[in-house]
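Worksheet: the structure to be examined is printed underneath.
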Amino acid sequence: MGRDARRPSAATVEAARAGRRGAMDTLLAESLPLVYNVVGRALHGRTDADRTVEEAMLQVEHGLDDLPDPAAFRSWLAAVAMRQVRERWRARQDSPLLALADEAGSDFVDLTILRLELSGQQAEVARATRWLEPEDRDVLSLWWLETAGELTRAELAAACGLTSQHATVRVQRMKARLDAARSVVRALSAVPRCPLLTDLIRHWDGLPDPHWRKRVARHTRECPLCERQWHDMRSVEGLLVGLGLVPPSAGFAERLSPGRHPQLSPQP
Numbered sequence: 179m180g181r182d183a184r185r186p187s188a189a190t191v192e193a194a195r196a197g198r199r200g201a202m203d204t205l206l207a208e209s210l211p212l213v214y215n216v217v218g219r220a221l222h223g224r225t226d227a228d229r230t231v232e233e234a235m236l237q238v239e240h241g242l243d244d245l246p247d248p249a250a251f252r253s254w255l256a257a258v259a260m261r262q263v264r265e266r267w268r269a270r271q272d273s274p275l276l277a278l279a280d281e282a283g284s285d286f287v288d289l290t291i292l293r294l295e296l297s298g299q300q301a302e303v304a305r306a307t308r309w310l311e312p313e314d315r316d317v318l319s320l321w322w323l324e325t326a327g328e329l330t331r332a333e334l335a336a337a338c339g340l341t342s343q344h345a346t347v348r349v350q351r352m353k354a355r356l357d358a359a360r361s362v363v364r365a366l367s368a369v370p371r372c373p374l375l376t377d378l379i380r381h382w383d384g385l386p387d388p389h390w391r392k393r394v395a396r397h398t399r400e401c402p403l404c405e406r407q408w409h410d411m412r413s414v415e416g417l418l419v420g421l422g423l424v425p426p427s428a429g430f431a432e433r434l435s436p437g438r439h440p441q442l443s444p445q446p
């Protein structure tokens with residue numbers, strides 16, 4: 179199914195705003211995959227992401243009257259998802275115990291690799307996203323969908339609240355850090371591992387971290403042995419083009435369906 183076939187039409191949006199039950203059902207069902215991917219890739223934590231997706235979908239249902247133009251629904255939808263992501267990040271900062279609970283179990287990277295059957299450099303890119311700062315994950319989650327053909331650059335910029343020019347600058351900076359993270363993933367998984375790198379990370383706790391990304395990436399640029407980790411990297415755009423959305427599990431999608439979730443039931 180092509181991208182346009184998955185997009186809710188302006189007519190569907192208008193009908194949902196008018197209170198038509200069937201149109202709201204369709205709108206929520208067609209909106210869920212994009213919200214699930216934006217939130218999941220930005221937050222990583224599985225429990226955290228699922229809860230945030232639910233909150234975003236409630237905002238979509240109850241805030242639809244705030245949408246100024248039905249034709250702009252896609253960018254508005256992404257903006258709603260990003261707003262919930264940022265609220266969740268603030269909650270994590272205020273509650274370290276919440277952050278620990280949210281990070282338990284499989285994360286969105288694992289789900290991406292499993293459900294899209296990624297391997298090689300595609301899987302490498304997915305793993306590298308764990309090393310980015312939260313503000314880069316925000317941009318990454320939207321840019322990934324742009325590269326995969328699910329959003330336009332104008333929709334990305336609108337969702338971030340940026341001009342197209344500023345959005346392009348943010349994307350370029352994020353991509354540079356993502357490539358550095360790819361070199362880190364490669365260097366740490368090399369067999370045998372560089373002995374100088376082993377010494378460098380002797381106090382590392384083993385969890386992806388932006389601070390350690392910078393240190394290890396600097397090592398890969400300066401070390402004659404590890405410098406080769408930068409070789410033969412395919413462009414991220416080339417690796418992501420045509421990738422589909424990570425589908426929500428059937429159980430999760432069913433749980434959020436209007437008939438099963440009382441707060442997602444459209445007005446009759």
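Each residue of the sequence shown is one higher than the last, beginning at 179 in our numbering.
C-beta atoms are modelled at their ideal positions from N, C-alpha and C, and glycine is treated no differently.
Quick caveat, the model's predicted, so the values are computed rather than measured.
{"query": "For aspartate 285, three-class secondary structure by DSSP", "result": "strand"}
{"query": "Three or more C-beta pairs below 8 Å linking the region 359-372 and the region 300-310", "result": "yes"}
{"query": "Residue nearest to glutamate 233 in terms of C-alpha spacing, selected from Tyr214, Glu333, Asp244", "result": "Tyr214"}
{"query": "Beta-carbon contacts of glutamine 350 that lie in its chain and below 6 Å, excluding the five residues immediately before and after", "result": "none"}
{"query": "Inter-residue CB distance, threonine 307 and arginine 315 (contact presumed, cutoff 8 Å)", "result": "7 Å"}
{"query": "Helix, strand or coil at leucine 121 [DSSP, three-state]", "result": "One cannot answer for residue 121 here, as it falls past the ends of the chain, which runs 179 to 446."}
{"query": "DSSP state of alanine 368 mapped onto helix, strand, coil", "result": "coil"}
{"query": "Nonlocal neighbours in the same chain, by C-beta distance under 6 Å from threonine 290, ignoring five residues either side", "result": "Ala304, Val424"}
{"query": "is_contact[serine 253, chain B] using C-beta, thresh 8 Å", "result": "Here there is only one protein chain, and chain B is not present."}
{"query": "Integer Cβ distance of valine 317 from glutamine 262, believed to fall under 8 Å", "result": "About 16 Å; that fails the 8 Å criterion."}
{"query": "Reference aspartate 285; option with closest CA among Gly197, His344, Ala431, Pro386", "result": "Pro386"}
{"query": "Coil, strand or helix - arginine 433 by DSSP", "result": "helix"}
{"query": "For aspartate 316, the first and last residue of its enclosing alpha helix (DSSP H)", "result": "312-325"}
{"query": "Exposure label - aspartate 410; buried when at least 16 CB within 10 Å", "result": "exposed"}
{"query": "Pairwise C-alpha distance: serine 209 and valine 347", "result": "28 Å"}
{"query": "Delimiting residues of the alpha helix (DSSP H) encompassing histidine 397", "result": "388-400"}
{"query": "When Trp254, Trp322, Asp226 are compared against serine 413, the one with the closest alpha-carbon", "result": "Trp322"}
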